[in-house]
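Q: Have a look at this one before I ask anything.
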Amino acid sequence: MKMKIVILGARGIPARYGGFDTLVEELSVRLVNQYGMDVTVYCRSNYYEQMQEYCSNVRCVYITAWRIKGIESLLHTFITAIHAVTKRFDIFFIVDPANAPIGMFLKLLGKKVVIHTDGLGWKRRKWGRLSRKYYRWVEFLCAKYIKTIVTDNPVMREYYITNYKRDSECIAYGAENLSGLNDKVLYELGIGNKHYLLVVARLEQENNTDIIIREYVASKVDMPLVIVGDAPYDREYMETLKGLANKRVFFVGRVDDQAKLNTLYAEAYLYIHGHEVGGTNPSLLRAMGLGTAPLVIDVPFNTSVIEDCGFVFGSNEGELSRVLVELVNDPGLVKEKGSMAKGRADGHFTWDSVAAHYKDYFETI
2 MKMKIVILGA RGIPARYGGF DTLVEELSVR LVNQYGMDVT VYCRSNYYEQ
52 MQEYCSNVRC VYITAWRIKG IESLLHTFIT AIHAVTKRFD IFFIVDPANA
102 PIGMFLKLLG KKVVIHTDGL GWKRRKWGRL SRKYYRWVEF LCAKYIKTIV
152 TDNPVMREYY ITNYKRDSEC IAYGAENLSG LNDKVLYELG IGNKHYLLVV
202 ARLEQENNTD IIIREYVASK VDMPLVIVGD APYDREYMET LKGLANKRVF
252 FVGRVDDQAK LNTLYAEAYL YIHGHEVGGT NPSLLRAMGL GTAPLVIDVP
302 FNTSVIEDCG FVFGSNEGEL SRVLVELVND PGLVKEKGSM AKGRADGHFT
352 WDSVAAHYKD YFETI
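Shown next as structure tokens:
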């Protein structure tokens, strides 16, 4: 009999925004088509103009989400859990640890719940005091009461062991393969065939885009900086970023077209990654999988992913600008690290291996 799995907490599929959505799409499609499982994904209808009942044989259920900063995911997950609880699902897989109270509710009803812990939400600078306390509390819920938790990075796994004496199933994300490119995007954005530096991120303070822009401008390197992403809930920070930029900085907004996004990654001279509070980051893996050398801020989450297959910078003033000058003047080394990064991604971070790991884990619960 087919195992029936429901996934809650993401915006939905096809993936359009954020790493969780990419995980949900890549995982659910493989669980259905490679392993014969029955998978349902609850989607936020206001993110989709076209609502299809099935996406690559994965059932999609659309329910409206109220776009309220900080509680959108929690509200939508609660409503979808109420809808899903009457169905006979074997596993409730919840992404985003902020939804841990919903997991507790489902556990009390006797449901089997798995929750993805993401990164250290309480360290995100966008959150106020109460929100940070909330993220500390949901960490505790995940570790002490949900118990069946997934981390995506060995550093996060060790964090839960050290702080809560709770082990987890450590399953990373997958990386993109070089396919479906659209070279026209470079000309559409005014980049043409120039070498450029790339940032892909939600434009929030903990992703350090302000530091990257400031250091880039100070470096005076003769290579454009292309920034993909937006700040839907923080217009003030967006204005700060634009104020720091010069005419060589291209803000292109969010790019939903996956072929265009892959092209931006694949054609970049260097991918700059300023994320500091997450686990294994999908944007970083995507760059590596497409053969672009990564330059990451020096935190364990990032260095454990790239190992010796990329470059590192600190947050001290002048450090990133110095590294940028060195790397722009050493294309041979950058190309070599790009090849190494792709080899590491192909060997350690494939979506097929990720799906196989989840399938095996779900079957043990």
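Per our numbering, the very first residue in the sequence shown carries number 2; after that it's consecutive.
Glycine included, every Cβ here is placed at the ideal spot set by N, Cα and C.
For Arg126, which of helix, strand or coil comes out of DSSP?
A: Correct three-state label for Arg126: coil.
Q: May I ask which residues mark the beginning and end of the alpha helix (DSSP H) holding Phe90?
A: That residue, Phe90, is in no alpha helix (DSSP H); it is neither H nor E in DSSP.
Q: Is Cys310 helix, strand or coil when you go by DSSP?
A: Cys310 falls in the coil class under three-state DSSP.
Q: Under the rule that 16 or more other beta-carbon atoms within 10 Å means buried, what is Pro295, buried or exposed?
A: So Pro295 counts as buried.
Q: Counting beta carbon pairs with one atom in the region 42-58 and one in the region 2-9, are three or more of them shorter than 8 Å?
A: Short answer: they touch.
Q: Can you tell me the Cβ-Cβ gap for Asn183 and Lys261, rounded? I've got them flagged as a contact below 8 Å.
A: The pair is a contact, with the Cβ atoms about 5 Å apart (cut-off 8 Å).
Q: If I measure Cβ to Cβ from Arg249 and keep anything under 7 Å in the same chain, skipping five residues before and after, which residues do I get?
A: Result list for Arg249: Pro225, Leu226, in chain order.
Q: DSSP three-state label for Gly1, please.
A: Residue 1 lies beyond the range of the chain shown here (2 to 366); nothing can be said about it.
Q: Measuring CA to CA, which of Ile147, Leu265, Val222 is closest to Gly191?
A: Cα-wise, what sits closest to Gly191 is Leu265.
Q: For Arg31 and Val222, what's the separation of their Cα atoms in angstroms?
A: Their backbone Cα atoms lie some 43 Å apart in a straight line.
Q: May I ask you to list the residues that DSSP assigns as paired with Tyr55?
A: Answer is Arg60.
Q: How about Ile162 and Ile116: do their beta carbons lie closer than 8 Å?
A: Contact: no.
Q: Look at the alpha carbon of Val324 and the alpha carbon of Asp119, and state the distance between them as a whole number of angstroms.
A: Roughly 29 Å separates the two Cα atoms.
Q: By how many angstroms is the C-alpha of Asn330 removed from the C-alpha of Tyr359?
A: Roughly 43 Å between the two C-alpha positions.
Q: Return yes when the Cβ of Phe252 is within less than 8 Å of the Cβ of Ile213, no when it is not.
A: No, the Cβ-Cβ distance between Ile213 and Phe252 is not below 8 Å.
Q: Note down, in chain order, each residue of its chain lying with its Cβ closer than 7 Å to the Cβ of Val313, except the 5 sequence neighbours on either side.
A: The residues are Val297, Asp299, Thr304.
Q: For Asp353, which residues in the same chain have their Cβ closer than 8 Å to its Cβ, ignoring the five residues on either side in sequence?
A: For Asp353, where only same-chain residues beyond five positions count, the Cβ hits under 8 Å are Arg31, Gln35, Gly175.
Q: Classify Glu170 as helix, strand or coil using the three-state DSSP reduction.
A: In this structure, Glu170 counts as strand in the three-state DSSP scheme.
Q: Got a sec, what are the start and stop residues for the beta strand (DSSP E) Arg31 sits in?
A: Here Arg31 belongs to no beta strand (DSSP E); instead the alpha helix (DSSP H) covers 20-34.
Q: Of the residues Thr78, Arg89, His276, which one's Cα is nearest the Cα of Met2?
A: Taking only the C-alpha atoms, the option nearest Met2 is Arg89.
Q: May I ask you to report which of helix, strand or coil DSSP gives Pro295?
A: Strand, per DSSP.
Q: Taking just the CA atoms, how far does Pro332 sit from Leu291?
A: So the alpha carbons of these two residues sit roughly 17 Å apart.
Q: What does a CB cutoff of less than 8 Å around Leu76 pick up in its chain, not counting 5 residues either side in sequence?
A: Excluding positions up to five away in sequence, the list reads Ala66, Trp67, Ile69.
Q: Assign Glu268 to buried or exposed, taking buried as 16 or more other Cβ atoms, counted over all protein chains shown, within 10 Å of its Cβ.
A: With 16 or more other Cβ atoms within 10 Å, it is buried.
Q: Locate the beta strand (DSSP E) running through Phe251, then write down its first and last residues.
A: Run containing Phe251: 250-254, per the beta strand (DSSP E) assignment.
Q: Leaving aside the five residues before and after Leu242 along the sequence, list all residues of the same chain whose C-beta is less than 7 Å from its C-beta, in chain order.
A: So the list reads Leu204, Thr210, Asp211, Ile214, once near-sequence residues are dropped.
Q: By the three-class DSSP mapping on this structure, what secondary structure does His117 have?
A: In this structure, His117 counts as strand in the three-state DSSP scheme.
Q: Within the same chain, show all residues whose beta-carbon is closer than 8 Å to that of Leu1, passing over the 5 residues directly before and after it, in chain order.
A: Past the edges of the chain, shown from 2 to 366, lies residue 1, and the structure says nothing about it.
Q: Which of helix, strand or coil does DSSP assign to Ser243?
A: Checking the sequence shown, residue 243 turns out to be Lys, not Ser. DSSP places Lys243 in helix when its eight states are reduced to three.
Q: Under 7 Å Cβ to Cβ from Ala346, same chain only, skipping five residues before and after it: list those, please.
A: If we look at Ala346 and ignore the five residues flanking it on each side, its Cβ neighbours are Ala176, Leu286, Met289, Gly290.
Q: What does the alpha-carbon distance come out to for the pair Leu328 and Asp257?
A: If you take the alpha carbons of Leu328 and Asp257, they lie about 30 Å apart.
Q: Within 10 Å of its beta-carbon, does Ser57 have 16 or more other beta-carbons around it, so buried, or fewer, so exposed?
A: Result: exposed.
Q: DSSP on Lys108, reduced to helix/strand/coil?
A: Three-state result, Lys108: helix.
Q: Excluding sequence positions up to five away, which residues of its chain have a Cβ less than 6 Å from the Cβ of Phe93?
A: Val7, Leu107, Lys112, Val114, listed in sequence order.
Q: By DSSP, does Ile6 sit in helix, in strand, or in coil?
A: Note: Ile6 maps to strand in three-state DSSP.
Q: Per DSSP, which one or two residues make a beta bridge with Leu199?
A: Answer is Val227, Tyr272, bridged to Leu199.
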